[in-house]
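>
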Amino acid sequence: MTDVVVVESPAKAKTINKYLGDGYKVLASFGHVRDLPAKDGSVRPEEDFAMDWSSEDRGEKQVREIAQALKAGRSKRLYLATDPDREGEAISWHVRQMLEGRHALRGVEVHRITFNEITKRAIQHAIEHPRDLDVPLIDAYLARRALDYLVGFTLSPVLWRKLPGSRSAGRVQSVALRLITDREAEIEAFKPREYWTIEAGFHTPAGAPFTARLTHLEGRKLDQFDLPNEAAAHHAKSLVEGGRFTVSAVEKKRTKRNPPPPFTTSTLQQEASRKLGFGAQATMRLAQQLYEGVDIGGETVGLITYMRTDGVTMAREAIMGIRDHVKSAFGPDYLPAAPREYTSKAKNAQEAHEAVRPTDVTRTPQQVARYLNPDQRRLYDLVWKRAVASQMQSAEMDQTAVDLDDAAGKARLRATGQVIAFDGYLKLYREDIDDARLAADDENKTLPPMREGDAPKRGEVMASQHFTQPPPRYTEASLVKKMEELGIGRPSTYASILQTLQDREYVRLEQRRFVPEDRGRLVTAFLISFFERYVDTGFTAAMEEKLDDISGGRADWRQVMHEFWDQFRAAVDATKELKISDVIDALDEDLGPHFFPPNEGGTDPRLCPNCQKGRLGLRLGRTGAFIGCSNYPECRYTRPLAVPGAEGEDAANDGPRSLGTDPATSQDVSVRRGPYGLYVQLGEPGTDEKGKPTKPRRASLPRGMDPDTLTLERALALLNMPRVVGLHPETGEEITANLGRFGPYLKMGALSQSLQPGDDILSLGMNRAMELLANAKPRGITLGNHPEDGAPVEVKRGRFGPFAQHGNTVASLPRGVQMEDFTLDQAVALLAEKGKVLPPKKGAAGRKAPAKKAASSEAAAKKAPARAAKPATAAKAPAKKPAKKPAAKAAAKPAARKRSV
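The UniProt record's numbering puts the first residue of the sequence shown at 1, with every later residue one more than the last.
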C-alpha cells in the first residue's frame, strides 16, 4: 500500500518524495484545481451566496491522477500538504471536494499537514502530526473570493457603461489606486516654502575642524521658518560673523539601536525593493524558488522557510542554531544574554506563521553562492543576514552635542556628532542604507574633543537657501508599507495588486515610483464621486478585520457577506439612472485643476485655442475620455488625454494635418488621429498595376511625442524605421531602434529592450543604447536539436511568458521557471506532454490555397468538412465534441498556482 501526498508545485513533489521514500507517492495540484467561472451568476447572493465552481482540463487531469494513484496504491491515507496559508487551505478543500465527487475517498483517511520549510525533519514531523481541514480558514477564503468576485463583476460593468475606456475595478486595487492618485494630487497642489539656515566652520585650539548650526538668535530658539528670506538670513549671518563664541555646554550620552526582526512578506518586499531594486512580483518569485529548493551537490534543498507570512517569530531550534552561529562566527560579545523575542502585529494569529528565515543557518550565503543564480544569491544573502542579525547584540552609539554661545548673548550654535561605540548587529546587517555609506556618515559626524570654556576659532559663515519638498511618489516598497499600516489587503496579495494596476494601465513606474495615468485618475474620481464608501481606506481596513474574524472563527461568513452586499447593491442600483452628463460634470470639477492648470500669463486655461469662444472641458466618447470644446459642433477642437486609445468620438473628424512633401516620393506627409492613437502617413490609399488596393505607409507616434511640434523631418524618420543606432564596439553587431506593437524598442541580434519614458527613439545615441541593452534578455535561446528529427528546439520570450518551440509546436514554460535555466531534455518532455501545434500563418500562400483546385482526393476531402460546417448547424456539434481546443489552451497556460487578488 502506498499513501498519497498532495502538494502544490511539481518542484516540491520531487523533493518531498525523496524525503518520504517508497511508501508514499507525492503528486502536485499545480495550484488551484478549480475556480469561479468568469461570468455572471458564479456567485448568487439570493441563494445565500451559493457558488459555482469549474475546473479546466489541467485541474481535472491533476485530480484524476490523484484518484488513480489512490486506487492503484490501495491507499489508506491521503495527506493534503498544500501551502500553510489561506490559499493553501482552500486548494486542499477543493481537491477533497473534487475527489469526493469522483467517489475516490471511500475507505481513505484524509489528513491536512503543513510545514514551514522543506526539510526532511519538517516533512516527517508534519506526517506524524496531521490535522483536519481548518473550516474557519476555508470560510474566510470563500468570503474573500465571493467578495472580490461580486465587487469586480458588479462595479466593472458600471464603469464600462458610465466611464468608457475604463478597464475594471477591484475591492483592494481601487483603494491602492486611490492612494497613488491622492499622493499625486498632493504633489500638484504643493507650494514650496522658502527657508534659510546658517552654519559656521570652527577649529578647536588643537586645530581640529568641525561645523555648527545656528539654533538660537537674539534669545529665541529658531524654528524651521524663522529665517524665511535672504534679508533675515543675512541679518543672522552678520550677527554670527560679529560674535565671539565659547563652548557653553558639552553633552554626551550612549544610546542603543536594536536589530530589526526577521522578515515578513511585506518587509521582505520592501527591503528587496530598496536594496536590490526588485519588484514585489520578482521578489516573491525568487523567494518561491528558494523555498521549494535548489540543487546542492545532487540533493534538492529548501533554503528558506515559507515566504507568505506576517509573523516575526522563529522556531526555538532555529533561534538556538543562529545563536550558536553568532557566538562562533563573531564572538561572545555579539551574543545577547537571552534570545530575542519578537511579537507580530498581525491581527489574525492563524495566518501569522513563522518569519522568513534560512532553513539551516550553517548554509551561509558564501557556501551556497555557486548553486544560485545572481538574483537568488542576492535575495538569500538578504534573508540570511536579516535573520542572523535579529539575534545579535544591540549596537551602541556615543552621541555628543556641543553648544557654542556668543559673548553678547545674541546667538547660539550647536554641533552634533555620533560615533559607533560597539557595532553589534551592524557588523552584519544595516537597514535601509548600505554599509559603506553609513560608515562614511559616522566618520563625518565625529566631533573633536572639547570642554566647557574652550574658545574655538571661527571660520567661514554660510547662509544656505532651502525650499520645502512635496511628498514623494510611492515606490513599491513605500506603497506596500502604507497598505500594511492601513490594514488594506494582506501580504500575499500585495504583489498581484500592484501588477494589476500596471496591467490595467492605471499607473506606470517612472524611476521606480508610481505615477497615475489619466485613465487611473478618471476611475478614482468616478469611484470617489459615486462609490466613495467603497474606496475609503477605513472601510476597506474594517472589511479586512471582518475577514480576519471569519478565519478566526469569530464571525459567520455568510452574515458578513449579507451585511456588505445589501448596502453595496443599493449603491450600484442608485447609479442606474445616472446620466453621462452627471458623470462628466463630477469628473470635470474634480480633475479640472489637473487638466487645466493656471497659465503663466493669467489667461483662462479653459479657453478654446481654436475658436477663442468655447470652454474646454472633459468629454466622454466611445473609446474613453478626451478634452473638447463646449462650442461643438461649430468648433470641433479636441485634445486627447495622456491615455492610449482615449481619443474622443469626434476626434477622427479633425482631419489630417499636412507636414509637407516627402522629397523622395513627392507624396504628402500628414499626421492623423485613428482609433488607436496618433500616427503619421505617407501619401493616400491607391491601387497597384493590377488594380488591387494599396495601403499608404504609416507609423505610430511614440508615447509622449507632441503632435503639435512634430516636423516633417521627424515624421519621415518615423516612417523610415528601423533606424541604425550604431555597431556594438565589441561584437560588431548592428543596434537598431524601431517601433513595435508595444512601443519603441532597441534590437541587437537576439536581444531586444523597450525604451524608457523620456528616451527619444529618433535621437537616442550609442551610450544610452548600450546602457539599455546591458539589462536586456535574449528573445530566444537554442537549446539543441530534437532527438527525433534533428530540428532545433528553442525557448523564447513571448507576450504571456517564456515558451518552448519545436517547429510549429509550442508549450508554455511553468511559471517561475527562467528560460535561461531550462534544458533540452526538459523542453522535449514539456513539448511531448503539453505541446500545441500553431495554426499556419496568414500570408500569400495561405490566401492562395483555397483558390486552387484540389490536386487529389485527399486535398478535396480536407476542404469538404470546412465548407460543409459553415451552413449546416448540425455539423457544428461534432466539431466541438472532441474538445481539443480547450485542452490546447490549458496546455498553453503556465502550469502554476493561481493566487486571488
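Glycine included, each C-beta is placed from N, C-alpha and C at the ideal position.
Please report the Cβ distance between Val523 and Ala169, rounded to the nearest whole angstrom; I am assuming they are in contact, meaning their Cβ atoms lie under 8 Å.
Start at 1 with the first residue of the sequence shown, and residue 523 comes out as number 523. Start at 1 with the first residue of the sequence shown, and residue 169 comes out as number 169. 7 Å between Cβ atoms; contact.
> Rounded to whole angstroms, what's the CA-CA distance from Arg473 to His786? Just pull it up for me.
Sequence index remark: in the sequence shown, residue 473 carries index 473 (1-based). Sequence index remark: in the sequence shown, residue 786 carries index 786 (1-based). When rounded, the distance between both Cα atoms is 50 Å.
> Mind checking whether His32 and Ile91 have CB atoms under 8 Å apart?
Here residue 32 is taken as the residue at index 32 of the sequence shown, counted from 1. Here residue 91 is taken as the residue at index 91 of the sequence shown, counted from 1. Yes, they are a contact pair.
> Does the region 462–470 come into contact with the region 408–428, if we say contact requires no fewer than three beta-carbon pairs (one atom in each stretch) closer than 8 Å?
In short, these stretches do not touch, since the Cβ pair count stays below three.
> Our contact map puts Phe803 next to Ser812 with C-beta atoms below 8 Å; I'd like the distance itself, whole angstroms only.
Start at 1 with the first residue of the sequence shown, and residue 803 comes out as number 803. Start at 1 with the first residue of the sequence shown, and residue 812 comes out as number 812. The pair is a contact, with the Cβ atoms about 5 Å apart (cut-off 8 Å).
> To the nearest angstrom, report how far apart Glu117 and Thr283 are at their CA atoms.
Numbered from 1 along the sequence shown, position 117 holds the residue referred to as residue 117. Numbered from 1 along the sequence shown, position 283 holds the residue referred to as residue 283. Glu117 and Thr283: Cα-Cα distance of roughly 18 Å.
> Return helix, strand or coil for Ser238, following the three-state DSSP convention.
As a first step, residue 238 is located in the sequence shown; it is residue number 238 there, counting from the start. Reduced to three states, the DSSP call for Ser238 is helix.
> Spell out the partners DSSP gives Ser754 in its beta bridges.
As a working note, residue 754 is residue 754 in the sequence shown. Paired residue(s): Tyr745.
> Please report how far the alpha carbon of Asp518 lies from the alpha carbon of Ile180, in whole angstroms.
Locating residue 518 in the sequence shown gives position 518, counting from the first residue. Locating residue 180 in the sequence shown gives position 180, counting from the first residue. So the two alpha carbons sit approximately 12 Å from each other.
> Spatial neighbours of Leu27 within its chain, please: C-beta separation below 8 Å, excluding the five flanking residues on both sides.
The sequence position of residue 27 within the sequence shown is 27, counting from 1. Only Val4, Val5, Val6, Val7, Ala13, Gln62, Glu65, Ile66 and Ala69 meet the Cβ criterion.
> What whole-angstrom Cβ distance do Arg323 and Gln393 have, given they're in contact under 8 Å?
By 1-based counting over the sequence shown, the position of residue 323 is 323. By 1-based counting over the sequence shown, the position of residue 393 is 393. Their Cβ separation, rounded to whole angstroms, is 11 Å, which puts Arg323 and Gln393 out of contact at 8 Å.
> Identify every run of the beta strand (DSSP E) within the UniProt domain "Toprim" (2–118), keeping only runs that are complete inside it and at least 3 residues long; order them along the chain.
Complete beta strand (DSSP E) runs here, min 3: 3–7, 24–28, 77–80 and 109–112.
> Check whether the region 191–201 and the region 218–230 touch, using three or more Cβ-Cβ pairs below 8 Å as the test.
Because the criterion of three Cβ pairs below 8 Å is met, the region 191–201 and the region 218–230 touch.
> The beta strand (DSSP E) spanning Gly592 covers which residue range?
The residue given as residue 592 occupies position 592 in the sequence shown. It is not in any beta strand (DSSP E) - Gly592 instead sits in the alpha helix (DSSP H) that spans Ile580 to Phe595.
> Within its chain, find whatever has a CB closer than 7 Å to the CB of Pro339; leave out the 5 residues flanking it on each side and keep chain order.
Locating residue 339 in the sequence shown gives position 339, where the first residue counts as 1. Excluding residues within five positions, the ones whose Cβ falls inside 7 Å are Ile319, Arg323 and Gln391.
> With DSSP as the reference, identify every bridge partner of Tyr679, one or two as the case may be.
Position 679 of the sequence shown holds residue 679. Partner(s): Arg672 and Ser700.
> Counting Cβ pairs closer than 8 Å, one from the region 726–739 and one from the region 755–767, do we hit at least three?
With a cut-off of 8 Å, the region 755–767 and the region 726–739 count as touching, because enough Cβ pairs lie within range.
> Kindly list the residues whose CB is nearer than 6 Å to the CB of Ser529, restricted to its own chain and excluding five residues on each side of it in sequence; keep chain order.
Translated into positions along the sequence shown, residue 529 becomes position 529. Once the five neighbours on either side are set aside, the close Cβ partners of Ser529 are Ala586.
> Between the region 202–215 and the region 367–382, can you find at least three pairs of beta-carbon atoms closer than 8 Å?
Touching, no.
> Comparing C-alpha positions only, which one of Thr575, Asp536 and Leu591 sits nearest to Ile627?
What you label residue 627 is simply residue 627 of the sequence shown in a count that begins at 1. The residue with the shortest Cα to Cα distance from Ile627 is Leu591.
> State the Cα-Cα distance for the pair Asp566 and Ser9, rounded to the nearest angstrom.
Locating residue 566 in the sequence shown gives position 566, counting from the first residue. Locating residue 9 in the sequence shown gives position 9, counting from the first residue. So the two alpha carbons sit approximately 39 Å from each other.
> Going by C-alpha distance, which of Thr2, Glu634 and Ala38 is nearest Gly21?
Taking the sequence shown and counting its residues from 1, one reaches residue 21 at position 21. When only C-alpha atoms are compared, the closest one is Thr2.
> Beta-carbon within less than 6 Å of Tyr342's beta-carbon, same chain only, minus the 5 sequence neighbours each way: which residues are those?
Here residue 342 refers to the residue found at position 342 when the sequence shown is read from its first residue. Answer for Tyr342: Pro261 and Val312, listed in chain order.
> By a C-beta neighbour count over all protein chains shown, 10 Å radius and 16 as the cutoff for buried, is Gln173 buried or exposed?
To locate residue 173, count along the sequence shown from 1; it is residue 173. Gln173 should be labelled buried.
> Go to Pro472, then tell me how far its beta strand (DSSP E) extends in each direction, as first and last residue.
Taking the first residue of the sequence shown as position 1, residue 472 is located at position 472. Note, Pro472: premise wrong, no beta strand (DSSP E); not H, not E.
> Once DSSP output is grouped into helix, strand and coil, what is the label at Asp688?
In the sequence shown, the residue the question calls residue 688 occupies position 688. Residue state, collapsed to three classes: coil.
> Given Lys410, which residues of its chain have a CB within under 6 Å of its CB, disregarding the five upstream and five downstream residues?
Taking the first residue of the sequence shown as position 1, residue 410 is located at position 410. Closer than 6 Å at Cβ, skipping near neighbours: Glu218 and Leu239.
> Please say whether Val837 and Thr154 have beta carbons closer to each other than 8 Å?
Position 154 of the sequence shown, counted from the start, is the residue given in the question as residue 154. Position 837 of the sequence shown, counted from the start, is the residue given in the question as residue 837. For Thr154 and Val837, no; Cβs fall outside 8 Å.
> Determine the burial state of Arg131: buried for a count of at least 16 other Cβ atoms within 10 Å of its Cβ, exposed for fewer.
As a first step, residue 131 must be located in the sequence shown, where it is residue number 131. So Arg131 ends up on the exposed side.
> Quick one: what's His216 bridged to in DSSP?
Against the sequence shown, residue 216 aligns to sequence position 216. Paired residues: Lys221 and Arg412.
> Taking the straight line between their C-alpha atoms, what separation do you get for Met450 and Gln270?
Working through the sequence shown from its first residue, we reach residue 450 at position 450. Working through the sequence shown from its first residue, we reach residue 270 at position 270. When rounded, the distance between both Cα atoms is 42 Å.
> By the 10 Å Cβ neighbour count, where 16 or more other Cβ atoms means buried, how is Thr305 classified, buried or exposed?
For the purposes of this step, residue 305 is taken as the residue at position 305 of the sequence shown. The residue in question, Thr305, is buried, as its Cβ has 16 or more Cβ neighbours within 10 Å.
> Hey, how far is the Cα of Gly243 from the Cα of Arg606?
One-based indexing of the sequence shown puts residue 243 at position 243. One-based indexing of the sequence shown puts residue 606 at position 606. One C-alpha to the other measures close to 56 Å.
> Can you give me the C-alpha to C-alpha distance between Leu382 and Thr475, rounded to a whole angstrom?
To locate residue 382, count along the sequence shown from 1; it is residue 382. To locate residue 475, count along the sequence shown from 1; it is residue 475. Cα to Cα, Leu382 sits roughly 20 Å from Thr475.
> Can you tell me whether DSSP reads Ala875 as helix, strand or coil?
In the sequence shown, residue 875 corresponds to position 875, counting from 1. Confidence is the limiting factor: at Ala875 the pLDDT is only 37, short of 50, which leaves the residue's position unreliable and the question unanswerable from this model.
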